[in-house]
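Trainee: Below is the structure I would like to discuss, written out as structure tokens.
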RNA sequence: GGCCCGUUGGUCAAGCGGUUAAGACUCCGGCCUUUCACGCCGGCAACAGGGGUUCGAGUCCCCUACGGGUCACCA
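Residue numbers (my numbering): 10 to 517.
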């Protein structure tokens, strides 16, 4: 065993600062829960001026997905969760990638065997069968009998080290398993779940190194978290029951155990986790559905974490100030699209008008081809009334072409406007418009207000038919004035005439 | 089935032994208004159940129920 080699690995460890990592496996998409985990890890590090790193956990060859790492990197960048370290010091930052570190795991596994804390196992593969989708069918039936079931002793566990080392070196296929003690207890300290004590006899000899030479998640994680100097390990609650085994590994190496921060999953309903397979949206799906990255991040942060007060709108920068692990809840949280939508509309409204116009532009241009219509003006009336960007097309299609609407729309109970009155109003409005030369929001406003005054009717009595005639639908962004203004003089008059015609026909 | 974890309105949640049990979303009223929306005001709606401990329990303990996790050469 090369002592110098191990010393070199250890020498790279930076100490004394908070260091966290986001350690996804490259599945081809980023799910919402993953984003939340990344966010929390980022916040913990950055709150303390620490280091946040990205580590790709691609130790399952069978599940390799082309381009998956790029998606993760893009998402993180998109969300503003920039990681600041990779294996190439000084260069452009590529993430740490476990498949590039295979030698390291092998060396440490061998070291553990030498120390007697692990062993080579030459038994045939056993226990489960793989299905096409990567899930497995357990062959084992759980006993109905009460009490802890005794571990099946592995025949290789007590093989003399020297003997199995020779066999392994000679090329006999093997896995490396950890030697979990039969006696005593292991206590795991977790910042969210508190202290959990587990009897060692319930722990199995988990596999560290697979037959193909790749490490398991359980092993690579411990090695890397140590080697990369991770101080706060954040992960999902599915790993909570393995945590005692991780502690045993740290102990076997004589390494300091990091602080664990375990978070519960994000659910789709009371019984099921959010999952792509069930059709739940991934982070990218949400963006294409018209959600803003900031809104998604803000909403997701609040799933399972609360800052304690009444405020719930937080930018990433705000979160840096208020985030605290003590606010993380042990209970799972259900993802609610309706509330996300609310956050999104808040973010849209809070945006500077110019910025909104910029992001709304493609959605608007997709519908409005007419060059006489000002995209900016449409964006302006849209901003306060759109919950997500994908709402835009159906809200503004009437600008492009007048829908074939029903005259029932002219009936407005509140202002006691009916079809007859509407017709009179439209005729009056037409005349008033024809007399005028200017065509701005202000001039249109003045004309209509003055007209209502002269006719001695409520504003709504006049505005309602004008809006219906010019838009041809009941629900519109903006009122009559804005719509007329955007449509322009000629189109406005054309549509009012159509309205008069429609209403006149019915009276014959 | 064993072990571990959880459970406050439909949802997110505050609450750290004494509160009229916050707040937000949704929904429903009302006001404002140039429709819808926005905004403002108001309303509906919760401590899973049962035992303790205590002068006093959503808060502490136990049991039950329900839910989740785990028991892979997946992560």
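All C-beta atoms, glycine included, are put in the ideal place defined by N, C-alpha and C.
#1: How many Å lie between residue 497 and residue 381 at the Cα?
#2: Mind checking whether residue 430 and residue 466 have CB atoms under 9 Å apart?
#3: Could you tell me how far apart the beta carbons of residue 189 and residue 254 are, in whole angstroms, since I believe they sit closer than 8 Å?
#4: Give me the residue from 186, 335 and 166 with the minimum Cα distance to residue 521.
#5: Since residue 359 and residue 312 are thought to touch, with beta carbons under 8 Å apart, how far apart are those beta carbons, to the nearest angstrom?
#6: Going by DSSP in three states, residue 194 sits in which element: helix, strand or coil?
#7: Relative to the C-alpha of residue 236, which residue among 459, 96 and 36 is closest?
#8: Three or more C-beta pairs closer than 8 Å, one from the stretch 320-331 and one from the stretch 68-78: is that the case here?
#9: Distance check for residue 346 and residue 277, CA to CA, integer angstroms please.
#10: Can you look up residue 240 in the DSSP assignment and give me helix, strand or coil?
#11: Does the contact criterion of 3 or more C-beta pairs under 8 Å hold for the stretch 208-228 versus the stretch 173-187?
#12: In three-state DSSP terms, what is residue 130?
#13: Given this structure, state the Cα-to-Cα distance separating residue 12 from residue 18, to the nearest angstrom.
#14: If you follow the beta strand (DSSP E) that residue 63 is part of, which residue opens it and which one closes it?
#15: Closest to residue 468 by CA distance: which of 396, 79 and 438 is it?
#16: Going along the chain, which residues of its own chain have a beta-carbon closer than 6 Å to the beta-carbon of residue 68, five neighbours each way excluded?
#17: Would you decide whether residue 491 is buried or exposed? Buried here means 16 or more other CB atoms lie within 10 Å of its CB.
#18: In the DSSP assignment, find the unbroken beta strand (DSSP E) run with residue 216 in it and report its ends.
#19: Determine contact between the stretch 22-39 and the stretch 51-61, defined as no fewer than three beta-carbon pairs at a distance below 8 Å.
#20: Tell me whether the beta-carbon of residue 435 lies closer than 9 Å to the beta-carbon of residue 505.
#21: Looking at residue 391 and residue 486, is the spacing between their C-beta atoms short of 9 Å?
#22: So residue 272 is in the beta strand (DSSP E); what residue range does that whole segment cover?
#23: Which residue wins for smallest C-alpha separation from residue 205, given the options 232, 306 and 251?
#24: For the beta strand (DSSP E) containing residue 28, list its first residue and its last residue.
#25: What three-state label does DSSP hand residue 155 in the structure shown?
#26: Does DSSP put residue 204 in a helix, in a strand, or in coil?
#27: Quick one: measure Cβ to Cβ for residue 344 and residue 41, integer angstroms, because I've assumed they're closer than 8 Å.
#28: With H, G and I counted as helix, E and B as strand and the rest as coil, what does DSSP make of residue 84?
#29: When the Cα of residue 191 is compared with those of 117, 234, 286 and 126, which residue comes out closest?
#30: Mind reading off the beta-carbon distance from residue 211 to residue 256? Whole number of angstroms is fine, and I expect it under 8 Å.
#31: Mapping DSSP to helix, strand and coil, what is residue 232?
#32: For residue 49, list the residues DSSP reports as bridge partners.
#33: Out of 499, 494, 489 and 478, which has the shortest C-alpha to C-alpha gap to residue 4?
#34: Is it true that the CB of residue 114 sits closer than 9 Å to the CB of residue 173?
#35: Using a 10 Å radius around the Cβ and a threshold of 16 neighbouring Cβ atoms, would you call residue 412 buried or exposed?
#36: Report the residue from 214, 268, 232 and 168 whose alpha carbon sits nearest the alpha carbon of residue 203.
Mentor: In this structure, then:
#1: 8 Å
#2: yes
#3: Rounded, the Cβ-Cβ distance is 7 Å, consistent with contact.
#4: A query on residue 521 cannot be resolved here, the shown segment of the chain reaching from 10 to 517 and no further.
#5: Not a contact, Cβ separation roughly 21 Å.
#6: Strand, per DSSP.
#7: 96
#8: no
#9: 10 Å
#10: Coil.
#11: yes
#12: In the three-state DSSP reduction, residue 130 falls in the strand class (E or B).
#13: 10 Å
#14: 60-65
#15: Distances from the alpha-carbon of residue 468 to those of 396, 79 and 438 put 438 closest.
#16: 107, 223, 224 and 229
#17: Buried, by the Cβ-count rule.
#18: 216-218
#19: yes
#20: yes
#21: yes
#22: 268-272
#23: 251
#24: 28-31
#25: Bear in mind that the predicted position of residue 155 carries a pLDDT of just 47, short of 50, making it unreliable; the figure below should be weighed with that in mind. Residue 155 carries a coil assignment under DSSP once its states are collapsed to helix, strand and coil.
#26: strand
#27: 6 Å
#28: It is helical.
#29: 126
#30: In fact, because the Cβ distance is near 14 Å, the residues do not count as touching under 8 Å.
#31: helix
#32: In the DSSP output, where bridge partners are listed per residue, residue 49 has none listed.
#33: What is shown of the chain runs 10 to 517, which leaves residue 4 out entirely.
#34: no
#35: exposed
#36: 268
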